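28 is the number of the first residue of the sequence shown in the numbering used here; add one for each residue after it. All C-beta atoms, glycine included, are put in the ideal place defined by N, C-alpha and C. Please read these numbers as outputs of a predicted model, since none were measured by experiment. Notes to accompany the following structure.
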Amino acid sequence: MSDTPELRKVAVVTGGASGIGLALASRFVADGMHVVIGDIEAGAIDGAVARLTEEADGTQVIGVRTDVASIAEVEELIETAERAFGRIDVVCANAGVETGGKFLDVDDSAWRWLMDVNYFGALNTARAALPALERSGDGHLVFTGSLAGFATGTPFMMPYCASKMAVLAVAESLEIELRAAASKVHVHLLAPGPVRSRMIDAERNAPAGIQINEDAARREAMEAFRARQSAHGLPAELVADMVADAIATGTFFVLPHFDSAVAALERRLSWIRTGEAPGTRVAGS
Ligand SMILES: NC(=O)c1ccc[n+]([C@@H]2O[C@H](COP(=O)([O-])OP(=O)(O)OC[C@H]3O[C@@H](n4cnc5c(N)ncnc54)[C@H](O)[C@@H]3O)[C@@H](O)[C@H]2O)c1
28 MSDTPELRKV AVVTGGASGI GLALASRFVA DGMHVVIGDI EAGAIDGAVA RLTEEADGTQ
88 VIGVRTDVAS IAEVEELIET AERAFGRIDV VCANAGVETG GKFLDVDDSA WRWLMDVNYF
148 GALNTARAAL PALERSGDGH LVFTGSLAGF ATGTPFMMPY CASKMAVLAV AESLEIELRA
208 AASKVHVHLL APGPVRSRMI DAERNAPAGI QINEDAARRE AMEAFRARQS AHGLPAELVA
268 DMVADAIATG TFFVLPHFDS AVAALERRLS WIRTGEAPGT RVAGS
């Protein structure tokens, strides 16, 4: 990296070393932006930075080992990006994990780990990034939620659904607050269904001491999810292109599986209207 990087737009992507985050980082590099990846997997960061640096044409890519569950580490990530490039225009609160099981089979430590990463990680990222995005004059904050934020009743995925509903609530509320304040920052919510990534192996990142549920029925459901995800999951690059379009057009909802999102909302509406609880839904449908 030279001492004086060229003045360009700058993106920060959490969970940027794999899957959707890596595809977002790659798209931003292709768009001529400097990119800073924050991720918990040091080895994966090195691989991602090497790959993106090869793709880059005059832009720079930095990796910072970051646990989004720690506000101090996320603040350090944002400060590193601003120090290196002088500005931040796009921040993707994307890092996420998945763990679960039947309600009483999920240990307290697993619930807390998942909420620490998926919910508090997104919150930490937004809180740390907002002042820098305001300074940019055209800042964009992208939350990676999920179709699971609209759809309850997926067996074995209750903690994940709960975390993504919380992300949805924060993203919507923040966008409404920022519009009322005539802010220059725009919020976007990416809420995909199945996308090809390493999410199904998310428990690889569980810190020591987290009790992962090894129940056979949960394992079986997750293996079925893995098969559906690899057969029918969208390429992460396609999802990244949709996010880039949403940033360009100022669109809040980015719904790569639009019909499934609407169907999930209709299930809830029907429950409210008829009083009849819907049945369970299959993960990845
Ligand atoms: N793949 C899907 O089908 C799908 C669908 C909907 C939403 N999502 C969401 O997309 C986001 C990205 O996941 P993905 O599917 O690309 O999975 P992935 O496992 O390929 O990538 C997730 C990245 O987050 C990183 N990460 C995990 N814990 C972290 C932490 N504490 N701090 C910082 N980084 C951490 C991982 O190291 C990894 O690089 C997640 O929020 C996930 O919930 C994925």
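Output the boundary residues of the beta strand (DSSP E) element that contains residue i.
i      : result
Val88  : Val88 to Arg92
Thr41  : Val37 to Thr41
Val63  : His61 to Asp66
Thr179 : Taken as a continuous stretch (DSSP letters only), Thr179 belongs to no beta strand (DSSP E), as it is neither H nor E.
Measure how close the beta-carbons of residue i and residue j come, nearest whole angstrom, since I'm counting them as under 8 Å.
i      : j      : result
Lys240 : Gly127 : Checking the displayed sequence, the identity of residue 240 turns out to be Asn instead of Lys. Their Cβ separation, rounded to whole angstroms, is 7 Å, which keeps Asn240 and Gly127 in contact under 8 Å.
Ile5   : Ala44  : The shown model of the chain, from 28 to 312, leaves out residue 5, and the question about it has no answer.
Asn151 : Lys191 : Contact flag wrong, Cβ pair sits at about 16 Å.
His61  : Val117 : In fact, because the Cβ distance is near 11 Å, the residues do not count as touching under 8 Å.
Val212 : Leu160 : 5 Å
Gly236 : Pro283 : Their Cβ separation, rounded to whole angstroms, is 35 Å, which puts Gly236 and Pro283 out of contact at 8 Å.
Leu104 : Phe177 : Incorrect: roughly 29 Å between the Cβ atoms, too far for contact.
Where does residue i fall in DSSP's three states?
i      : result
Ala120 : strand
Thr126 : coil
Phe170 : strand
His213 : strand
Leu261 : strand
Val281 : strand
Ile98  : helix
Gly236 : coil
Gly306 : coil
Ser45  : coil
In whole angstroms, what is the alpha-carbon distance linking residue i and residue j?
i      : j      : result
Ala267 : Arg92  : 22 Å
Arg54  : Ile47  : 10 Å
Ala258 : Glu303 : 33 Å
Glu106 : Ile115 : 10 Å
Glu264 : Arg154 : 27 Å
His215 : Val40  : 14 Å
Ser224 : Glu68  : 15 Å
Val56  : Pro32  : 14 Å
Ala290 : Ala218 : 14 Å
Ala99  : Gly148 : 11 Å
Thr179 : Arg162 : 38 Å
Phe170 : Ala243 : 32 Å
Met378 : Phe285 : Given that the chain is displayed from residue 28 to residue 312, the structure contains no residue 378 and the question cannot be resolved.
Arg294 : Glu202 : 25 Å
What span of residues does the alpha helix (DSSP H) with residue i cover, start to end?
i      : result
Val197 : Met185 to Ala207
Pro221 : It is not in any alpha helix (DSSP H) - Pro221 carries neither H nor E in the DSSP assignment.
Glu161 : Gly148 to Ser163
Glu81  : Ala69 to Glu82
Segment contact flag, the stretch 119-134 with the stretch 181-193, C-beta cutoff 8 Å, min 3 pairs: In the pairwise beta carbon analysis, the stretch 119-134 is classified as touching the stretch 181-193: at least three pairs are separated by under 8 Å.
Stretch-stretch touch, CB-based, cutoff 8 Å, three pairs: the stretch 72-81 with the stretch 95-108: By the Cβ rule, the stretch 72-81 does not count as touching the stretch 95-108, because fewer than three pairs are nearer than 8 Å.
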